[in-house]
Every structure is written in structure tokens, then in C-alpha cells.
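**Q** Our numbering numbers the first residue of the sequence shown as -2 and each following residue consecutively.
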Amino acid sequence: MTPELRAQFPILEEKVHGKPLVFLDSAASAQKPICVMDAMQKAAYHQYANIHRGLHWMSERTTEAYEATRDVVAAFLNAPDRHEIVFTRNSTEAINLVAHSFGGLLKPGQAVLISELEHHANIVPWLMLRDRIGIELRVVPILDNGDIDLNAYEALLADGKVALVAITQMSNVLGTVTPAKKLAELAHAHGAKILFDGSQSVVHSAVDVQAIGADFFTFTGHKLYGPTGIGVLWGRMELLDSMPPFMGGGEMIQSVSFEGATWASVPHRFEAGTPAILETIGLAEAIRFVERIGYDAIEAHEKALTDYAVERLNALEGVRVLGAPAQRGGVVSFVMEKAHPHDLATLLDQMGIAIRAGQHCAEPLVRKLGLHATARASFGVYSVKEDIDALCVGLERAHMMLS
Ligand SMILES: *Cc1c(COP(=O)(O)O)cnc(C)c1O
-2 MTPELRAQFP ILEEKVHGKP LVFLDSAASA QKPICVMDAM QKAAYHQYAN
48 IHRGLHWMSE RTTEAYEATR DVVAAFLNAP DRHEIVFTRN STEAINLVAH
98 SFGGLLKPGQ AVLISELEHH ANIVPWLMLR DRIGIELRVV PILDNGDIDL
148 NAYEALLADG KVALVAITQM SNVLGTVTPA KKLAELAHAH GAKILFDGSQ
198 SVVHSAVDVQ AIGADFFTFT GHKLYGPTGI GVLWGRMELL DSMPPFMGGG
248 EMIQSVSFEG ATWASVPHRF EAGTPAILET IGLAEAIRFV ERIGYDAIEA
298 HEKALTDYAV ERLNALEGVR VLGAPAQRGG VVSFVMEKAH PHDLATLLDQ
348 MGIAIRAGQH CAEPLVRKLG LHATARASFG VYSVKEDIDA LCVGLERAHM
398 MLS
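#1: Here's the rule: buried if 16 or more other CB atoms are within 10 angstroms of the residue's CB, otherwise exposed. What is Ala76?
#2: Give every residue of the same chain whose Cβ lies closer than 7 Å to the Cβ of Ile82, excluding the five residues on either side of it in the sequence, and list them in chain order.
#3: Any heavy atom of ligand 1 within a distance shorter than 7 Å of the CB on Asn93?
#4: Exposed or buried, which one is Thr277 when buried takes at least 16 other CB atoms within 10 Å?
#5: Pop quiz: Ser98 and Ile139 are said to be a contact at Cβ under 8 Å. What is the actual Cβ separation, rounded to whole angstroms?
#6: Rounded to a whole number of angstroms, what is the C-alpha to C-alpha distance between Pro241 and Leu114?
#7: Under the rule that 16 or more other beta-carbon atoms within 10 Å means buried, what is Lys220, buried or exposed?
#8: Given a cut-off of 8 Å on the beta-carbon distance, is the pair Tyr292 and Leu2 in contact?
#9: Which value, in whole angstroms, describes the spacing of the CA atoms of Glu235 and Ile290?
#10: If you measure between the beta carbons of Val316 and Val307, is that distance less than 8 Å?
#11: Run the CB neighbour count on Lys178, radius 10 Å, all protein chains shown included, and call it buried at 16 or more, exposed below.
#12: Please name the residue, chosen from Leu171, Lys190, Gly172, that lies closest to Leu180 on a Cα-to-Cα basis.
#13: Please give the ranges of any alpha helix (DSSP H) in the segment 251 to 317, keeping only runs that are unbroken, at least 4 residues long and fully inside the region.
#14: What does the alpha-carbon distance come out to for the pair Val95 and Trp123?
#15: If you follow the beta strand (DSSP E) that Ala230 is part of, which residue opens it and which one closes it?
#16: Leaving aside the five residues before and after His117 along the sequence, list all residues of the same chain whose C-beta is less than 6 Å from its C-beta, in chain order.
#17: For a quick check, are the C-beta atoms of Ala40 and Leu275 less than 8 Å apart?
#18: With hydrogens ignored, establish whether the beta-carbon of His97 is closer than 7 Å to any heavy atom of ligand 1.
#19: Measuring straight from C-alpha to C-alpha, what distance separates Val200 and Ser254?
Below, the structure written as C-alpha cells:
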């Protein structure tokens, strides 16, 4: 990636403990380019009012800008209908929405199938649903290399009780990219719908919800170089249309009396209350930013960095990279003998290097790996080989200090 691209991210010029920042924690939240912050500031300074209800000029213009993001997101995901785009706070809220509204229509005896790779956001809502209505929760295991066990997956679908598969399109711990199209085909062949948690995948590869055969898809703005507080649920219209609201309030009703209320049409039924207006405008700009670079360039850049990181890390004494999935996005977890990941992260931080250590909101997966925590380096469009070189120098130093 070019120096001009890095210059879009002023934070990369910052110093931490007097050292240049080496930011390797993009999978937790990506840094924001100037264009995204500019778009939000411009809206706040020149074109802002509450949306959908005002009959005045400012409100109408703001509503247009907010609704324009729906078109941008629909094109971005190749959704057939812009009304299928529901704005949420983040991926977590999008999955909770499906668990509550779609899940609430399930009956005891039906099952939801998740995987061992899942983030807590795609585990806990289903545990809550199970406890609320008595569905069964099934979990497909992973193979030793970190890929989904497809034989086990098919076996878990075989009795036809699974109503919904909810599975990640890319693991935030191992970087595993799951075979979305294959997973959807098998789910549909056994009468199940499928939700993809695209929180990580959408950052690294182009997504086409129709081509992969998704029924629901979720992602979160802040990992895609956009603002916090804005996420997306996409769902097929016939499914969304059959679902009751998730939250009650303003904007989501057709009419209200003290006897009852009738629901607005999709997507407004699922967008109760004043939404994250400026952040939604920022999300459109983040998508334009990503599309200007292009996913071919993003994928090539991240694959080169990831391959380089895996090779360099594995060559370091005492360091072990976790998993070897068939396809890996820009996320690499590793452990160092004798060093707790937290101690490692603290030592690296002293050198200005930001990595993540812990369970990465995926405690069952980390336990499955036989660990309590991992260290994780993750990459964005602004990451460079020098970041990985700095990490390796830091790890060598840490190894000497700790052994
Ligand atoms: C980050 C992440 C989430 C949750 O995203 P929020 O923005 O915190 O809601 C869900 N799934 C995966 C795979 C993630 O990486």
C-alpha cells in the first residue's frame, strides 16, 4: 500500500512511550481515515437534524444522507433490495436482533447450529434464546488446523431439526475463512437458514450475499474503517418481513394507541428510536474508502502480510502460530513458550507495539486450543511489513528477557 494511503491515518504518526506506534490490533477495531471523519464533521457542521420526521429542509437533507447509506450498503453486499438493510449499533446488536425476532419464532425441538470458532456475540444470544424458549444449541467442531469439520457439520444437520445455522465467515482468533457457499448449500439442503457473522470477513474480502447464498449477514462499522455505534443486519425480505420487532419505540410503528400498536414495514420496524445518524453517514464514506482501494488490492496486500507474518513468527525461537487454516484472513494468533500472552503484550507495549492478548471474546475456542489466552497480531490496509519486523524484534527481545 502507498504512503498516501497511510497518510490517510494520522494516528499512525503517533508515538507511544516515546516510540513510533506499531499498530497490530485492527481486528479489534480499525483506525479511521481522514475522509470518514471529514464526512461526519461536514454533516455535523452543515447538514444535521433528526431524520424521518421533520418537514423542514435540514431534516429532509439529513434523511436523504442517512437513507443514501442504505443504498451504499445494499450495493456493497449485493443485496437485492435496499429495504433489506437494517442499521444496528454493531454486529452484536444485529445478531441479537435475529436471535430475538427470528429465534423467538422457533419452537422447542428445533435447533440452532453454531461453530467452535464463534465470537461471544454469536454464542451468547443463542444461549439466551435456548434458555428462553427451550431450543437446542448445537456446535460444530473444528479440525486441528482450525477449519470447520464439514463432515461433522453435515451430520449435525442430518436430522432436519436445525432451523438456523449461525456461523462466522472469518474467525477473529485463527483467521480461518469458512467456506460460506458450501456451508449455505448444506444448510439449505437440510432445511435450515443461515446467518453469517461477517464482522471480520467484510474487512478482508468482497461479500456478495446472493452468491454465497446467505439468509442473514451481519457486520460492524468500526472494524471496516468506519465509526463505532453503527452496524448492519442484512436479511432476505421474506424472512425480515415475517419477523416481529426487536425493540419498541418511535419510528418502528405504523400506529399506536393504548390498546396496541401496529408495526412499520421493514427496515423501519427494526430501527426504533433515533439512530446513529452521523455514524451512518460515516459508514457510507468508509465503504467508499474501501471500494476506492478495491478488494483485489486489499486481499493481495493482506495475504502477503499474513503469509510473511506466519513465516517469520514460526521461525522465532519459542513461538508457535496457532492453526493453519486452508484460507486465513489478516489475523494471526500465536503463543510464546514461558511467556503469558498478557506479559508479552505488556512488554511489546513498552516498545510501542500494540497487539492483543487474551481470549478475544472467544473463550470456548481458546479453551479448545488447550490455552487460557493467545497473543494476536492483526492487519489492516495501512499495515506494512515493517510492522511485522518490529513485532519480531520485540518478540526476540521478550524471549531473551523472559528466559
Ligand atoms: C468484533 C466481532 C464481533 C462483534 O462486533 P461488535 O462491533 O463488538 O458488535 C462479532 N463477531 C466477530 C467475528 C468479531 O470479530
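We put the CB at the ideal spot given by N, CA and C, even for glycine.
**A** The answer reads as follows:
#1: Looking up residue 76 in the sequence shown gives position 79. So Ala76 counts as buried.
#2: Against the sequence shown, residue 82 aligns to sequence position 85. Within its own chain, the residues whose Cβ lies closer than 7 Å to the Cβ of Ile82, once the five positions on either side in sequence are excluded, are Arg67, Val70, Ala71, Ala76, Val229, Trp231, Pro264, listed in chain order.
#3: Your numbering for residue 93 matches position 96 in the sequence shown. At a cut-off of 7 Å, the beta-carbon of Asn93 does not count as near ligand 1: no heavy atom of the ligand is closer than that.
#4: Reading the sequence shown from its first residue, position 280 is the one you call residue 277. Buried: at least 16 other Cβ atoms inside 10 Å.
#5: Start at 1 with the first residue of the sequence shown, and residue 98 comes out as number 101. Start at 1 with the first residue of the sequence shown, and residue 139 comes out as number 142. That pair is no contact at about 29 Å.
#6: Working through the sequence shown from its first residue, we reach residue 241 at position 244. Working through the sequence shown from its first residue, we reach residue 114 at position 117. Between Pro241 and Leu114, the C-alpha separation is close to 29 Å.
#7: Taking the sequence shown and counting its residues from 1, the one referred to as residue 220 is at position 223. Result: buried.
#8: As a working note, residue 292 is residue 295 in the sequence shown. As a working note, residue 2 is residue 5 in the sequence shown. Contact flag unset, no.
#9: For the purposes of this step, residue 235 is taken as the residue at position 238 of the sequence shown. For the purposes of this step, residue 290 is taken as the residue at position 293 of the sequence shown. If you take the alpha carbons of Glu235 and Ile290, they lie about 34 Å apart.
#10: Residue 316 sits at position 319 when you count from the first residue of the sequence shown. Residue 307 sits at position 310 when you count from the first residue of the sequence shown. Not a contact, by the Cβ cut-off of 8 Å.
#11: The count along the sequence shown starts at 1 and reaches residue 178 at position 181. Exposed is the call here.
#12: The residue labelled residue 180 in the question sits at position 183 within the sequence shown. With respect to the C-alpha of Leu180, the residue from Leu171, Lys190, Gly172 having the closest C-alpha is Lys190.
#13: Those alpha helix (DSSP H) runs which fall completely within the segment 251 to 317 and span 4+ residues are 274 to 290, 292 to 312.
#14: As a working note, residue 95 is residue 98 in the sequence shown. As a working note, residue 123 is residue 126 in the sequence shown. Approximately 10 Å, taken between the alpha carbons.
#15: Counted from its first residue, the sequence shown places residue 230 at position 233. Inspection of the sequence shows that residue 230 is occupied by Leu rather than by Ala. Looking at the DSSP string, the run of the beta strand (DSSP E) that includes Leu230 is 228 to 232.
#16: If you number the sequence shown from 1, residue 117 lands on position 120. For His117, the CB contacts under 6 Å within the same chain, skipping 5 residues up- and downstream, are Cys358 in chain order.
#17: As a position in the sequence shown, residue 40 is number 43, starting the count at 1. As a position in the sequence shown, residue 275 is number 278, starting the count at 1. Closer than 8 Å, so yes.
#18: Locating residue 97 in the sequence shown gives position 100, counting from the first residue. Incorrect: His97 has no Cβ contact closer than 7 Å to ligand 1.
#19: Indexing the sequence shown from 1 puts residue 200 at position 203. Indexing the sequence shown from 1 puts residue 254 at position 257. Approximately 44 Å between the Cα atoms of the pair.
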